[in-house]
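UniProt numbering puts the first residue of the sequence shown at 1, with every later residue one more than the last.
Everything below concerns the one structure shown next.
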Amino acid sequence: MKDQEKHAGAVSNLVDQLCRLPGVGRKSAERLAFHLLRVPESEAYALADAIRRIRSDVHYCKACFNLCEDELCSICQDPQRDQTRLCVVEQPRDLMSLEQSQAFSGVYHVLLGRIAPLDGIGPDQLTIEPLVDRVRTGNFVEVIMATNPTVEGDGTALYLSNQLAEYPVQLTRLARGITAGSVLEYANREMIADALTGRQAL
Ligand SMILES: [Zn+2]
C-alpha cells in the first residue's frame with residue numbers, strides 16, 4: 001500500500017509537471033505519464049536525459065546567439081557560409097525555419113525576442129548591441145531584417161534600421177510572401193524561400 005501511494009505521488013508529480021508545458025492539458029498529461037510507464041525503461045530515461053541535456057549543454061552562440069553546444073554554432077563555424085550577408089531573426093526557431101528553406105547561405109543574428117513595449121520588452125533586453133558591433137566591425141554588404149511580419153516585428157526592424165543606418169550596408173526586409181500577422185515559425189519552406197528571394201530595400 002505504501003509503495004502504491006509513493007507511485008501515485010510520483011505519477012501525479014509528473015502529470016503536474018507536464019501540465020505546465022504549453023498546449024498540454026491535464027488529460028494529455030495523464031496520457032503521456034501513463035505512456036511513459038508502459039514504454040521500455042530505456043525510452044523513458046532517454047527523454048529525461050534529453051531534457052537534462054538541453055539545459056546543461058545548450059547555450060547561446062557567442063557570435064550570433066543561436067543555440068549551440070560549443071562556443072560558436074555550426075553555422076558560424078562553417079567556412080562555406082557567406083560572411084557578407086547577415087539575416088536578423090527574433091528567435092532560434094525562426095533561424096531553423098529559414099535554414100529548412102535552404103534559401104539563405106549567409107549568417108544569422110538572433111535577437112532573442114522583439115521590441116514589445118506593451119510586454120515591457122525594450123531594445124536593451126535584446127541582443128541589439130552585439131548586432132551593431134558585428135555590423136560595425138564585420139564585412140557585411142547586406143543585413144536582412146527577417147523579424148516576423150507583425151506590428152512588433154515591423155517595429156523592431158524599423159528600430160534596427162535606424163540603428164544601422166550609419167553603416168555602409170544595404171538594409172533589406174523579407175518580402176510579404178509571408179502574410180502579415182503570421183509568424184516565420186509556422187510558414188512553410190516555399191513561403192520563406194519566396195520571402196527571401198523577393199526581399200526589398202528598407
Ligand atoms: Zn552562431
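Cβ atoms here follow ideal geometry from the backbone N, Cα and C, with glycine treated the same way.
Cβ-heavy atom distance, Asn148 to ligand 1, below 8 angstroms | no
In the DSSP assignment, what residue or residues form a beta bridge with Val107?
-> Leu86
Exposed or buried, what is Gln200 when buried is set at 16 or more other beta-carbons lying within 10 Å of its beta-carbon?
-> exposed
For the beta strand (DSSP E) that contains Thr172, what are its first and last residues?
-> 170-173
Proximal residues to Pro123 (C-beta, below 7 angstroms), its chain only, five neighbours per side dropped | Ile115, Tyr159
Tell whether a beta-carbon distance below 9 angstroms holds between Val88 and Ala146.
-> yes
Straight-line CA distance for Leu174 to Phe34?
-> 45 angstroms
Under a criterion of Cβ closer than 5 angstroms to any non-hydrogen atom of ligand 1, which residues qualify, in chain order?
-> Cys61, Ala63, Cys64, Asn66, Cys73, Cys76
Which residues mark the beginning and the end of the beta strand (DSSP E) in which Ile144 is found?
-> 142-145
Is Arg20 close to chain C, meaning its C-beta is less than 9 angstroms from at least one C-beta of that chain?
-> Here chain C cannot be found, since the structure has a single protein chain.
For Leu196, the first and last residue of its enclosing alpha helix (DSSP H) | 189-197
Can you name, in chain order, every residue of its own chain whose Cβ lies under 7 angstroms from the Cβ of Tyr167, other than the five neighbours on each side?
-> Val135, Arg136
Quick one: Cα of Asn162 to Cα of Ile54, how far?
-> 36 angstroms
Does DSSP put Leu67 in a helix, a strand or coil?
-> strand
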